[in-house]
Amino acid sequence: MVLPKRRSSYPTPPDPAGGPGDELVRSGRSRVVAVTGAASFLGSNLVGVLEEDPEIARIVAIDIRPPATAGRKTRYYEVDFTQPTAEARLSEILAAEKVSTLAHLGFLSAPTHAVALAHELESVGTRHVMVAARHARVRKIVCWSQTMLYGADPSNPNFLSESHPLRAPESEPFFADKIAAEREALRFAERVPGAVVTILRTAPLLGPTVSNVVTRYLAHRVVPTMMGFDPLVQFLHEVDGIAAFKLAIDRDVPGTFNVVADGVLPLSTVIKLAGRIATPIPHPIAETLTSVLWLAQLADAPATFLRYLRFLCVADGAKARERMGFVPAYTTREAVLDFTNAQRLRDVRLLQETTV
Amino acid sequence: MTAAVRAVAKRDAHEETTPMSVAPPTEAPATEPLPPSPPSEPPLSQANTVVAGRAVHEEIRQLEAELDRMIDEASRRDVSTLLGDDEDDAPRPRPSGPIVEPRRPAEPTSEPTVFETARELLTTDFYLRKWGRLAMRNRSEEVDDFGHDPTYEARVRPLLDFLYHTYFRVECTGIEHVPAAGRCLLVANHSGTVPLDGLMLRTAIRREQESARDLRWLSEDFIYHFPFVGSIVNRLGAVRACPENAERLLGKEALVAVFPEGVKGIGKLFRERYRLQRFGRGGFIRLCLRTSTPIVPVAIVGAEETHPLLFRIEHLVKAVGLPYVPVTPTFPLLGPLGLVPAPTKWRIAFGEPLDLRGYGPEAADDELLVSRLAERVRATIQGMLDRTLGERKSVFFG
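Keeping their order, the protein sequence lines are chains A and B.
The opening position of the first sequence corresponds to residue 400 in our numbering, with each subsequent residue numbered one higher.
The opening position of the second sequence corresponds to residue 25 in our numbering, with each subsequent residue numbered one higher.
Structure below.
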């Protein structure tokens, strides 16, 4: 996958009082960036983008599989976050490589039945990462989060700001672990003075190559919807997602940011644009059915995800635009169309699943 | 069917969903009357060229007519062998499209046989393609931030116009008080068990105001808990009522309507009609002070009699999210038919704008001032209601 080099197209944001970030950016050539979850979609693409950046001296890729995009500058370390020794090992690696920036992307992109493993990886794993980073004196952390964590609710305002509480149902481990992980990152920011912690809450990623719970939902020919409900939805094109992480690594912008595409679309329009057939199901029936199918391992997601087919969960990207200078290249509609174009080829098996 | 063919078929299906982008450019030049002199001609012998040009054009037209006739004939002969679907598409001499393609009717081999047509009809792809053509027929591909869908509204507009013009016979007074541009907040009384006042207010602004502004009204939360209602009014311009949404709309210099009585307003019993309830906690005043927005008071008369509410059943329904179940002379009795509003005569009166800019944005924290201003707006609207009611002689004939 070819990513456009978009760095030059961003306007320079107003410098926040010439903070400690400046020297980091200027001390360029010796920068070492560590990426956890380096074999994931975001991780491997980010490694690829960082490989091409002359200002990055070395990339430390951390995962249980080597990233396919690894090049000359990348050093791969196999660390399993679910092991109790992960913390010590990670701390050693970060210290030895003199890592200055850590991008924490080691999260699952879709709900899993292996709840205990997911908890170890995401919630406890993030704690390992944060403790190790504190020991190794990593000063900057960029952490992945999602706007889904705000939770879909009829009482949500149409555009959720970053200060809105995360109200996704904590009974669902997929959300609870990620909310806990975000809390860990914030605790790191509190405990380490002068640390730069950037949390990027991305809208659901959509695009030609990414695979997650949303793309699986839209990959069905017949797509279930909730009868009588048609919420506005919002996506983020995968390229914009990668660009946002690159931008957060290049610039020092502490804080939490919604990273979203411009524009919203009703879910029914998304399904129509994707060339799918929507089948409305009354939601009480759909919830029971999905619970059963999820138990039987036949559904893509548990019943808690059905709320996102009924109610609003759309975030406001104004803060990222103003403070970070992040300008998405694709609107929600363009992201849907781009996904659709690739999905058509997958439908007729002209395009095989790419393994990145 | 091979993979490549299916890919092409799918692409066709997608293109069909946006037919306007393909068809007109090829057709338009042929039907338009051509200009008398082509611009490329030198102006020396103008008269000559005009005459010659006309002759040439006459000839071209004749040839075109001849050609059209031939294509028409040919396509009609083709279509008669098909199974009669796409009838309306067929006679048009369109260069694109699958019907016109076999241009040689003399060769019987190129004609699709019944067997082939049947086979096409039996594939799922055929129906998927048909579905794809119909999918976006009443939807815009893009909606605004709050989900207003202009294409959908255009389809519903005849019904709204009927309700506005024929059914409720709405009369507007003081429409000139609504500013032609810039942010503005309309504050109105709320009524009707099935609140149609937001929709009618929007229709009134669209039809009566000279710049036909796009009014967005803020609607109660509870309709978004419910299937169908929330998504439909959302497409027609309703926005969920919350301070964040209102501030965002006013920040875009929009015209916004609020009903500060909220659920208490639509739940007024028949004997309480036209008696304004408490105006929330004055949130709309705080909003206007913060954003220095002028307020236009609006009195809607007639809407409160559309569903004369006798009782509210409040105990069992909170669990499903409804604030109450209305009991009207017709509602549970006649089933869903009982929800048809009574054809009352409506009057909408717009009052003089109230400018709050003098107080400054910091006045929003002054609780006393906020409640005083809210009371003032309430009293203004109550006065307008009383005056309009005094002029009214009959509920149904105005």
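In this text, a Cβ means the ideal position worked out from N, Cα and C, and glycines have one as well.
Whole-angstrom distance between residue j and residue i, CA atom to CA atom
i: K288 of chain B; j: S499 of chain A; result: 58 Å
i: E769 of chain A; j: A460 of chain A; result: Residue 769 of chain A lies beyond the stretch modelled for chain A, which goes from 400 to 755, so this question has no answer here.
i: L239 of chain B; j: I319 of chain B; result: 14 Å
i: V280 of chain B; j: V211 of chain B; result: 9 Å
i: S554 of chain A; j: L489 of chain A; result: 42 Å
i: K577 of chain A; j: V138 of chain B; result: 59 Å
i: D737 of chain A; j: R526 of chain A; result: 36 Å
i: T148 of chain B; j: S508 of chain A; result: 33 Å
i: L68 of chain B; j: R93 of chain B; result: Residue placement at L68 of chain B is flagged as unreliable, the pLDDT there being 45, under the threshold of 50; a coordinate-derived value is accordingly withheld.
i: D639 of chain A; j: R566 of chain A; result: 25 Å
i: P419 of chain A; j: R538 of chain A; result: In this predicted model, P419 of chain A has a pLDDT of only 42, less than 50, meaning its place in the structure is not dependable; the value taken from the coordinates is given anyway. If I take the Cα positions, the gap works out to 10 Å.
i: T668 of chain A; j: D169 of chain B; result: 14 Å
i: S395 of chain B; j: R310 of chain B; result: 9 Å
i: G524 of chain A; j: A575 of chain A; result: 14 Å
i: R302 of chain B; j: A323 of chain B; result: 16 Å
i: G407 of chain B; j: L209 of chain B; result: 19 Å
i: S215 of chain B; j: P360 of chain B; result: 19 Å
i: R297 of chain B; j: E268 of chain B; result: 31 Å
i: P126 of chain B; j: R161 of chain B; result: Low confidence applies here, because P126 of chain B scores a pLDDT of 47, under 50, leaving its location unreliable; read the following figure in that light. The alpha-carbon atoms of P126 of chain B and R161 of chain B are separated by roughly 29 Å.
i: R87 of chain B; j: R163 of chain B; result: Note that residue 87 of chain B is Leu in the sequence shown here, rather than Arg. L87 of chain B and R163 of chain B: Cα-Cα distance of roughly 40 Å.
Cβ neighbours of residue i in the same chain (closer than 7 Å, five flanking residues each side left out)
i: V663 of chain A; result: L631, V632, Q633, V713, T731
i: V194 of chain B; result: Y188, M224, A228, W370, I372
i: R430 of chain A; result: E454, I455, A456, S499, T500
i: K342 of chain B; result: none
i: K417 of chain B; result: none
i: G171 of chain B; result: N258, R259
i: P347 of chain B; result: F246, V287, G291
i: E144 of chain B; result: F150
i: R748 of chain A; result: none
i: R411 of chain B; result: none
Extent of the continuous alpha helix (DSSP H) run through residue i
i: N611 of chain A; result: That residue, N611 of chain A, is in no alpha helix (DSSP H); it is neither H nor E in DSSP.
i: I290 of chain B; result: 287-290
i: K671 of chain A; result: 666-672
i: V394 of chain B; result: 391-415
i: F440 of chain A; result: 440-450
i: E637 of chain A; result: 637-649
i: S690 of chain A; result: 682-694
i: K577 of chain A; result: 572-590
i: A515 of chain A; result: 514-518
i: H534 of chain A; result: 524-534
i: S255 of chain B; result: 253-259
i: Q545 of chain A; result: That residue, Q545 of chain A, is in no alpha helix (DSSP H); its beta strand (DSSP E) goes 539-545.
Terminal residues of the beta strand (DSSP E) in which residue i lies
i: M625 of chain A; result: 621-625
i: G654 of chain A; result: 654-658
i: Q751 of chain A; result: It is not in any beta strand (DSSP E) - Q751 of chain A carries neither H nor E in the DSSP assignment.
i: R464 of chain A; result: Element bounds for R464 of chain A: n/a, residue is neither H nor E.
i: E195 of chain B; result: 195-197
i: E491 of chain A; result: Segment 485-496 is the alpha helix (DSSP H) holding E491 of chain A; no beta strand (DSSP E) there.
i: T473 of chain A; result: 473-477
i: L239 of chain B; result: 239-243
i: W175 of chain B; result: According to the sequence provided, residue 175 of chain B is Thr. The question's Trp does not apply to it. No beta strand (DSSP E) holds T175 of chain B; the alpha helix (DSSP H) holding it covers 174-186.
i: P350 of chain B; result: 349-351
Residue closest to residue i, alpha-carbon to alpha-carbon, out of the options
i: P681 of chain A; options: B:P251, B:A270, B:R153, B:L260; result: B:P251
i: V528 of chain A; options: A:H518, A:T435, A:G674; result: A:T435
i: P592 of chain A; options: A:P727, A:R536, A:V514, A:K718; result: A:R536
i: N611 of chain A; options: A:H636, A:T597, A:R590, A:D629; result: A:H636
i: F370 of chain A; options: A:P603, A:R533, A:D452, A:D462; result: It is not possible to answer for residue 370 of chain A, since the shown part of chain A is limited to 400 through 755.
i: E583 of chain A; options: A:A494, A:A532, A:L617; result: A:A532
i: Y475 of chain A; options: A:A437, A:D452, A:P483, A:E486; result: A:A437
i: W241 of chain B; options: B:G254, B:S235, B:R226; result: B:R226
i: G654 of chain A; options: A:H518, A:G470, A:V691, A:S562; result: A:S562
i: I641 of chain A; options: A:T511, A:H503, A:E571, A:Q696; result: A:H503
Close beta carbons around residue i, own chain, < 8 Å, minus the five adjacent residues each side
i: L750 of chain A; result: A741, L744
i: T678 of chain A; result: V621, V622, P623, T624
i: K472 of chain A; result: L449, E450, I455, A456, R457, I458
Cβ shell of residue i (< 6 Å), same chain only, five flanking positions each side left out
i: R207 of chain B; result: L274, E277, T317
i: R425 of chain A; result: Residue confidence is low: R425 of chain A scores 45 on pLDDT, short of 50, so the model does not pin down where it sits. Its coordinate-derived value is still stated next. If we look at R425 of chain A and ignore the five residues flanking it on each side, it has no Cβ neighbours.
i: P465 of chain A; result: Y475
CB-CB length for residue i against residue j, believed under 8 Å
i: I199 of chain B; j: Q233 of chain B; result: 5 Å
i: D629 of chain A; j: L666 of chain A; result: 6 Å
i: T597 of chain A; j: V652 of chain A; result: 6 Å
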